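A quick write-up on the structure given underneath.
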Amino acid sequence: YAIGTAYRLDQQWVLRAGVLFDQSPTSNTGRSPRTPTGDREVFSVGAGYEVTPQLTLDVAYSYLQEESVDVSRANALGSYSATYQSHANLLGVGATYRF
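All residue numbers for the sequence shown refer to the working numbering, where the first residue is 397 and numbers rise by one.
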């Protein structure tokens, strides 16, 4: 699920924000060291600046946070047990030129 909004400050500036909730495609029984993913939340903010009617510059920042997940496996060769935690900082920059 995701929701976002944009607010135009004036003729040149627009501010943006959003949040995303992404449910993991793997369950606790299906997790392995190859797919240790958990449910994710992403929080984003950004801004756009219209330099000219033809050129717009955009910048955005997102923080991705993933739930902590436990993975345990055992077979005849041994066992494996670990807790995975991850997060990411994402930065985006873009330019739009209208012909």
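Where is the CB? At the ideal position from N, CA and C, for every residue including glycine.
From a predicted model like this one, the values you see are computed outputs, not experimental measurements.
Output needed for residue 462: all residues of its chain with C-beta closer than 6 Å, excluding positions within five of it in sequence on either side, in chain order.
Position 66 of the sequence shown, counted from the start, is the residue given in the question as residue 462. Cβ-Cβ distances below 6 Å link residue 462 to 434, 436 and 482 in the same chain, with the five nearest sequence neighbours on each side left out; the list follows chain order.
Within its chain, find whatever has a CB closer than 7 Å to the CB of residue 494; leave out the 5 residues flanking it on each side and keep chain order.
Residue numbering aside, residue 494 sits at position 98 when the sequence shown is read from its first letter. Taken in chain order, the residues that qualify are 450.
Taking the straight line between their C-alpha atoms, what separation do you get for residue 455 and residue 474?
Position 59 of the sequence shown holds residue 455. Position 78 of the sequence shown holds residue 474. Distance between the alpha carbons of residue 455 and residue 474 is about 48 Å.
Could you pull out every residue in the same chain whose Cβ sits closer than 6 Å to the Cβ of residue 402, ignoring the five residues on either side in sequence?
The residue labelled residue 402 in the question sits at position 6 within the sequence shown. Spatial neighbours of residue 402 in its own chain (CB-CB distance under 6 Å, excluding positions within 5 residues in sequence) are listed in chain order as 410 and 412.
Secondary structure of residue 447, DSSP reduced to three states:
Sequence index remark: in the sequence shown, residue 447 carries index 51 (1-based). In the three-state DSSP reduction, residue 447 falls in the coil class, being neither helix nor strand.
If you run the structure through DSSP and keep just helix, strand and coil, what is residue 495?
The residue you call residue 495 lines up with position 99 of the sequence shown. Annotated three-state conformation of residue 495 is coil, per DSSP.
Status (buried if at least 16 other CB within 10 Å, exposed otherwise) for residue 465
Indexing the sequence shown from 1 puts residue 465 at position 69. Only buried fits residue 465, as 16 or more other CB atoms lie within 10 angstroms of its CB.
Are the Cβ atoms of residue 467 and residue 421 separated by less than 9 Å?
On the sequence shown, residue 467 is found 71 positions in, with the first residue counted as 1. On the sequence shown, residue 421 is found 25 positions in, with the first residue counted as 1. For residue 467 and residue 421, no; Cβs fall outside 9 Å.
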